[in-house]
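To start, the structure itself, in structure tokens.
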Amino acid sequence: MALDIGRLAWSECRMTRTSLFTAALTLLLILTVTYLTVGPRVVPGDALSGDKVQHALGFGAIVFPAAVLRPRWLWSLVPAVAIFGGIIEIVQMSVGRDGELADWLADLVGLALATGFGAAVRVAFFRTVSRA
Numbered sequence: 000m001a002l003d004i005g006r007l008a009w010s011e012c013r014m015t016r017t018s019l020f021t022a023a024l025t026l027l028l029i030l031t032v033t034y035l036t037v038g039p040r041v042v043p044g045d046a047l048s049g050d051k052v053q054h055a056l057g058f059g060a061i062v063f064p065a066a067v068l069r070p071r072w073l074w075s076l077v078p079a080v081a082i083f084g085g086i087i088e089i090v091q092m093s094v095g096r097d098g099e100l101a102d103w104l105a106d107l108v109g110l111a112l113a114t115g116f117g118a119a120v121r122v123a124f125f126r127t128v129s130r131a
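If you're matching positions, the sequence shown starts at 0 in numbering that gives the first Met the number 0 and goes up one per residue.
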């Protein structure tokens, strides 16, 4: 009796459409935030009420889809994105941009707010769906 490792691994790794959508959207948002924070300045620092608000919105946006659609992912996603935000600040110093502790703190505030708001949206959505 031969064990087909490839088939076994693939069958256990299948994701639902919701999980695939959430993962793809999260990856797209990570790539977008990376480009906007390390690439050439596309948005002026004073747009959207300033640099710190931009950081909070960008890093909050990364976790929001998971907060709504796959909240269990937040246990690993939030710490990973928090570390990613710190790495971004270090990298910014080497590409001619400002790396600031205050920017990283804004990232963390965005993560916390988006996680809470996403949980509220999830509860409201499922409460509405269950009543229909």
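In this text, a Cβ means the ideal position worked out from N, Cα and C, and glycines have one as well.
Among residues of its own chain, excluding the 5 on either side of residue i, which ones have a beta-carbon nearer than 7 Å to its beta-carbon?
i	result
PHE58	VAL32, VAL80, GLY84, ASP106, GLY109, LEU110
Distance, Cα to Cα, residue i vs residue j?
i	j	result
PHE116	VAL94	33 Å
ALA65	LEU24	9 Å
PHE124	ALA113	16 Å
ILE29	ILE61	6 Å
THR127	ASP97	44 Å
PRO78	ARG40	26 Å
GLY38	VAL90	11 Å
SER18	ILE82	23 Å
TRP74	TYR34	25 Å
TRP72	LEU27	16 Å
If distances are taken between C-alpha atoms only, which option among the options comes closest to residue i?
i	options	result
MET92	LEU26, LEU28, THR36, PRO64	THR36
ALA119	GLU99, LEU68, LEU100	LEU68
ALA101	GLY49, LEU26, TRP72, PHE20	GLY49
ARG121	SER75, ARG16, PRO70	PRO70
If you drop the 5 nearest sequence neighbours on each side, which residues of the same chain put their C-beta closer than 6 Å to that of residue i?
i	result
TRP103	GLY84, GLY85, GLU88
PHE63	ALA113, GLY117
GLU99	none
Counting along the chain, where does the alpha helix (DSSP H) carrying residue i start and finish?
i	result
VAL94	Segment: none, VAL94 is in no alpha helix (DSSP H) and carries neither H nor E.
ARG16	16-37
VAL62	50-68
Who are the Cβ neighbours of residue i in its own chain at under 8 Å, not counting the five residues just before and after it?
i	result
ALA55	ALA105, ASP106, VAL108, GLY109, LEU112
ALA22	MET14
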